[in-house]
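So in our numbering, spot 85 of the sequence shown is number 66, and the numbers just go up one at a time. Beta carbons are placed, not taken as given, at the ideal position from N, Cα and C, and that holds for glycine. Okay, structure first, notes after.
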Amino acid sequence: MTDYNLLCEQLRALSEDNPHRIAKLANASALIYQGLDRLNWAGFYFLEGRKLVLGPFQGRPACIEIPMGRGVCGTAAKLDQTQLVEDVHAFPGHIACDSASRSEIVVPLHENGIVTGVLDIDSPVENRFDEADRAGVEAFARVLEQFL
């Protein structure tokens, strides 16, 4: 079981007194990628106009742009709602950036109360994420938002 409290503490320690946004996001993606098992991708997309654009990540190369409202990431951003997807191939409009991905969790990120991006985590294992992961990843995102 993942120790999300420890991940949040590590994120806070790496982010406070650090003025470098990209460095904070790179470390955050590394923490998630190393801290959770059975992942093949962990990273960020940020809104630019009506598209999400790839940010710092860990894993294989990824889609560079995702239209708002499309795929799991675009849906999470548009609805401002975490998407926990047991089988991405059953998700309407799924965008297959990595054909090995089977399940996914995406949490919207906010700045001044407005959605500005998402934290996206993929697994090659179907049903990898559960409600404990939802709560943990959402808590991680809330810590990160304090430092964006």
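Where residue i and residue j are concerned, what is the direct C-alpha to C-alpha distance, given to the nearest angstrom?
| i | j | result |
| --- | --- | --- |
| asparagine 8 | leucine -5 | 7 Å |
| leucine 60 | phenylalanine 72 | 15 Å |
| phenylalanine 110 | histidine 1 | 30 Å |
| histidine 70 | glutamate 112 | 20 Å |
| arginine 115 | isoleucine 45 | 25 Å |
| serine 104 | isoleucine 3 | 24 Å |
Is residue i helix, strand or coil by DSSP?
| i | result |
| --- | --- |
| threonine 97 | strand |
| serine 104 | strand |
| glutamate 112 | helix |
| leucine 33 | strand |
Bridge partners for residue i per DSSP, in chain order?
| i | result |
| --- | --- |
| glycine 40 | Trp22 |
| proline 89 | Val99 |
| phenylalanine 27 | Val34 and Gly98 |
In chain order, what residues of the same chain have a beta carbon less than 8 Å from the beta carbon of residue i, not counting five sequence neighbours either side?
| i | result |
| --- | --- |
| glycine 117 | Thr(-17), Tyr(-15) and Leu(-12) |
| glutamate 126 | Leu90, His91 and Glu92 |
For residue i, collect the residues of the same chain with a Cβ closer than 7 Å to its Cβ; drop the 5 residues on either side in sequence, then sort them by chain order.
| i | result |
| --- | --- |
| histidine 75 | Gly52, Val53 and Val69 |
| leucine 6 | Phe25, Gly36 and Pro37 |
Might you give, ordered along the chain, the residues of its own chain that have their beta carbon closer than 6 Å to the beta carbon of residue i, omitting 5 neighbours on each side?
| i | result |
| --- | --- |
| glutamine -9 | Leu12 |
| alanine 43 | Leu35 and Cys78 |
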